[in-house]
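Numbering follows the numbering used here, in which position 21 of the sequence shown is assigned residue number 36; successive positions increment by one, without gaps. Below is one structure, written out as structure tokens; comments come after it.
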Amino acid sequence: MTDLGGRIVAQNLVLLPKEPAKAIPAIIAGVRKLITANADKTFVGIGISLPGRTDLGLQKLIFAPNLNWPVLSFKPRIERATGLRVEMDNAANACALSEVWFGDSDGNHDLVVVNVSEGIGSGIFANGRLLRGENGMAGEFGHIQIDSNGPLCGCGNRGCWETVASNRAALRYFQEAGGSASVQTMEALIKLAQAGEEHAVKALETMSVYLGRGLRMIASALAPREIIVVGDITSAWYRFGPVVEAEFKINSLSKGPRLRPSLDGNTARLRSAVALVMNEGSI
Ligand SMILES: [Zn+2]
Numbered sequence: 016m017t018d019l020g021g022r023i024v025a026q027n028l029v030l031l032p033k034e035p036a037k038a039i040p041a042i043i044a045g046v047r048k049l050i051t052a053n054a055d056k057t058f059v060g061i062g063i064s065l066p067g068r069t070d071l072g073l074q075k076l077i078f079a080p081n082l083n084w085p086v087l088s089f090k091p092r093i094e095r096a097t098g099l100r101v102e103m104d105n106a107a108n109a110c111a112l113s114e115v116w117f118g119d120s121d122g123n124h125d126l127v128v129v130n131v132s133e134g135i136g137s138g139i140f141a142n143g144r145l146l147r148g149e150n151g152m153a154g155e156f157g158h159i160q161i162d163s164n165g166p167l168c169g170c171g172n173r174g175c176w177e178t179v180a181s182n183r184a185a186l187r188y189f190q191e192a193g194g195s196a197s198v199q200t201m202e203a204l205i206k207l208a209q210a211g212e213e214h215a216v217k218a219l220e221t222m223s224v225y226l227g228r229g230l231r232m233i234a235s236a237l238a239p240r241e242i243i244v245v246g247d248i249t250s251a252w253y254r255f256g257p258v259v260e261a262e263f264k265i266n267s268l269s270k271g272p273r274l275r276p277s278l279d280g281n282t283a284r285l286r287s288a289v290a291l292v293m294n295e296g297s298i
């Protein structure tokens, strides 16, 4: 829950059951709890940012290799249950709008947000609006093949950028190097690296090199003024940002854009959902 300036004033973390059928009631209960606890406030709407692509009318889920939920039923069910307007979009698009609404950006320059989590999604804000492309598919840089012999990707291809530069890739590098099997999350891996554990540092450095390499392709393709990275890796940007940046700046074409981390990943993603509500009607 945020105010109109995007400042988070309350939040409620809900651990969702694995079964999709049980997840929606849990989400609705979480929303209701927030509304009840803040009954003196007026609510404008609910934003949902998704790790996948839907068409603009939310009639079909176009592309969501890392999502097994029936997300299209979310909007009507949550609207019915809460009586509030629900806006839903791809997480990276939402983060791009969030930078325009709440971030440093003045909304007058082109920017790309790269959302690094399980996979990698990109949101492109160009010429004053989101660039959506045919079927809303613009910006799937995460599924450009970097290595034809690389790991199998959720999209069915091999060696996509996200298979070598996402959180999942970093955890894989760590395990392959003989790192402790008890480290299962990116948060734990980053903590370990910050404590100086060698395999963890190396895994995150490898991920960072691949991240920088892919960002170079975005700079060459779109020439934005800024590229903003969202994700867990930004919590250790002081350590791994320079690795990303060094790889990014190798090309003459990628010297132009400013590369920066967003606010911490959670805040950026939470705000992005609110930006969807704020933006409704202007895209
Ligand atoms: Zn892929």
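Beta carbons: idealized from backbone N, C-alpha and C, even for Gly.
Exposed or buried, residue i, counting other C-beta atoms within 10 Å across all chains shown (16 or more means buried)?
| i | result |
| --- | --- |
| Val24 | exposed |
| Leu237 | buried |
| Glu202 | exposed |
| Ile265 | exposed |
| Asp55 | exposed |
| Ala164 | According to the sequence as given, residue 164 is Asn; it is not Ala. So Asn164 ends up on the exposed side. |
| Val59 | exposed |
| Glu149 | exposed |
| Glu191 | exposed |
What residue range is occupied by the uninterrupted beta strand (DSSP E) comprising residue i?
| i | result |
| --- | --- |
| Val244 | 241-246 |
| Met103 | 100-105 |
| Ile63 | 60-65 |
| Leu274 | 273-276 |
Please report how far the alpha carbon of residue i lies from the alpha carbon of residue j, in whole angstroms.
| i | j | result |
| --- | --- | --- |
| Leu28 | Gly45 | 8 Å |
| Asp104 | Val258 | 31 Å |
| Leu186 | Gly138 | 24 Å |
| Val115 | Ala283 | 12 Å |
| Pro272 | Ala234 | 7 Å |
| Gln209 | Leu219 | 11 Å |
| Leu30 | Gly211 | 30 Å |
| Ala141 | Gly193 | 43 Å |
| Pro91 | Ala288 | 17 Å |
| Arg68 | Gly151 | 7 Å |
| Met222 | Asn182 | 8 Å |
| Ala196 | Gly157 | 27 Å |
| Asn294 | Pro40 | 27 Å |
| Val179 | Thr57 | 44 Å |
| Gly256 | Thr249 | 8 Å |
| Tyr225 | Thr51 | 45 Å |
For the alpha helix (DSSP H) that contains residue i, what are its first and last residues?
| i | result |
| --- | --- |
| Ala344 | It is not possible to answer for residue 344, since the shown part of the chain is limited to 16 through 298. |
| Phe89 | 89-97 |
| Arg47 | 35-52 |
| Thr57 | Note, Thr57: premise wrong, no alpha helix (DSSP H); not H, not E. |
| Ala196 | Neither: Ala196 is in no alpha helix (DSSP H) and is coded neither H nor E. |
Check your understanding: At which residue ranges does the stretch 109-148 contain complete beta strand (DSSP E) runs of 3 or more residues, listed in the order of the chain?
Key -> The DSSP assignment places 126-131, 135-141 as complete runs of the beta strand (DSSP E) inside the stretch 109-148, in order along the chain (cut-off: 3 residues).
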